[in-house]
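Data first, discussion second: the structure below is written as structure tokens.
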Amino acid sequence: KAGVTQTPRYLIKTRGQQVTLSCSPISGHRSVSWYQQTPGQGLQFLFEYFSETQRNKGNFPGRFSGRQFSNSRSEMNVSTLELGDSALYLCASSLGGGNTIYFGEGSWLTVV
Amino acid sequence: AQSVTQLDSQVPVFEEAPVELRCNYSSSVSVYLFWYVQYPNQGLQLLLKYLSGSTLVESINGFEAEFNKSQTSFHLRKPSVHISDTAEYFCAVSDLSSGTSYGKLTFGQGTILTVHP
Chain Z
5 KAGVTQTPRY
15 LIKTRGQQVT
25 LSCSPISGHR
35 SVSWYQQTPG
45 QGLQFLFEYF
55 SETQRNKGNF
65 PGRFSGRQFS
75 NSRSEMNVST
85 LELGDSALYL
95 CASSLGGGNT
105 IYFGEGSWLT
115 VV
Chain H
33 AQSVTQLDSQ
43 VPVFEEAPVE
53 LRCNYSSSVS
63 VYLFWYVQYP
73 NQGLQLLLKY
83 LSGSTLVESI
93 NGFEAEFNKS
103 QTSFHLRKPS
113 VHISDTAEYF
123 CAVSDLSSGT
133 SYGKLTFGQG
143 TILTVHP
């Protein structure tokens, strides 16, 4: 059974650009959530989608957005990139309802 | 809102020694509790979780954690560590009031466990 797959794994962007990260959850999982991990702030929740609906949202500016498709795949977008957006972005999926949350390997974003 | 405090940012130990990684949480509602492990340049792997029932939970690789509601703690222990246990460990909580989805985890700052030969 394939795990949570994130693409791309590594990318470098310039300030002011935008970026889209993709996440394919484990087959059958309808909940997908996104996290940002930085050395200074640690792991912070961005948002969660369940059956194409955003259920929860973290305390991030509107430049951070996401969506979920009917096949449960999810994308997150960051517009007008800032240096501080450099981070590991982790996607996680689960069946929901207290079931185990599985994480992908993450997408390393560097903003220069 | 919840918060998680991992009391030690780094824990160095020698191989085969016991270890305890401490985690305290704060929440106004009931929570689920988790320990995740992150090896260098990898994502997070679930180590163990407490949802309900027995307050002592165990993982397949010898770790255990005990939920203590009165002290709002969920400390992680292992009686004898190996070099391969070197990693960063994260304690996390999930708010039971989140409705039918529980994908929102609040994490502690992490504890780097370094096992020396």
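Protein chains in written order, with this note's numbering: chain Z, 5 to 116; chain H, 33 to 149.
Where a beta carbon is used, it is the ideal one built from N, C-alpha and C, also for glycine.
* Quick one: what's got a C-beta closer than 6 Å to H:Glu52's C-beta in the same chain, skipping five residues either side? -> Counting only Cβ-Cβ distances below 6 Å, and skipping sequence neighbours, we find His107 and Arg109.
* Asked: Does H:Tyr82 come within less than 8 Å of chain Z when only Cβ atoms are used?
  -> Not closer than 8 Å to any Cβ of chain Z, the Cβ of H:Tyr82 fails to qualify, so no.
* Asked: DSSP beta-bridge partners for Z:Pro43?
  -> The partner list for Z:Pro43 (beta bridge, DSSP) is empty, contrary to what the question assumes.
* Asked: Out of curiosity, what's the CA-to-CA distance linking Z:Cys95 and Z:Ser37?
  -> 6 Å
* Spell out the partners DSSP gives Z:His33 in its beta bridges. => Answer by DSSP bridge pairing: none, since Z:His33 is not bridged.
* Report yes or no: do three or more beta-carbon pairs, one from the region 94-107 of chain H and one from the region 88-103 of chain Z, lie closer than 8 Å? => no
* Apart from the five residues just before and just after Z:Ser90, which ones in its own chain have a Cβ nearer than 7 Å to its Cβ? -> Leu113, Thr114 and Val115
* Asked: Is H:Phe122 close to chain Z, meaning its C-beta is less than 8 Å from at least one C-beta of that chain?
  -> yes
* Asked: Which whole-angstrom value describes the C-beta separation of H:Gln70 and H:Leu79, a residue pair presumed to lie in contact below a C-beta threshold of 8 Å?
  -> About 10 Å separates the two Cβ atoms, so there is no contact after all.
* **H:Phe46 versus Z:Gln40 - alpha carbon distance** => 32 Å
* Sheet register partners of H:Val69 (DSSP bridge) -> Per DSSP, H:Gln77 and H:Tyr121.
* To do: State the DSSP-derived secondary structure class of H:Ile144, mapped to helix, strand or coil.
  => strand
* To do: Determine the chain H residues that contact Z:Glu109 at a beta-carbon separation under 9 Å, and present them in chain order.
  => Asn73, Gln74 and Gly75
* Asked: Cβ of H:Tyr57 less than 8 Å from any chain Z Cβ?
  -> no
* Any C-beta of chain H sitting closer than 8 Å to the C-beta of Z:Asn75? -> no
* Any Cβ of chain Z within less than 8 Å of the Cβ of H:Lys101? -> no
* Whole-angstrom distance between Z:Ser74 and H:Asp40, CA atom to CA atom -> 42 Å
* To do: Quick one: measure Cβ to Cβ for Z:Ser69 and Z:Asn81, integer angstroms, because I've assumed they're closer than 8 Å.
  => 5 Å
* To do: Below 8 Å on the Cβ atoms is my guess for H:Thr118 versus H:Leu83; work out the distance and round it to an integer in Å.
  => The Cβ separation is near 28 Å, so there is no contact.
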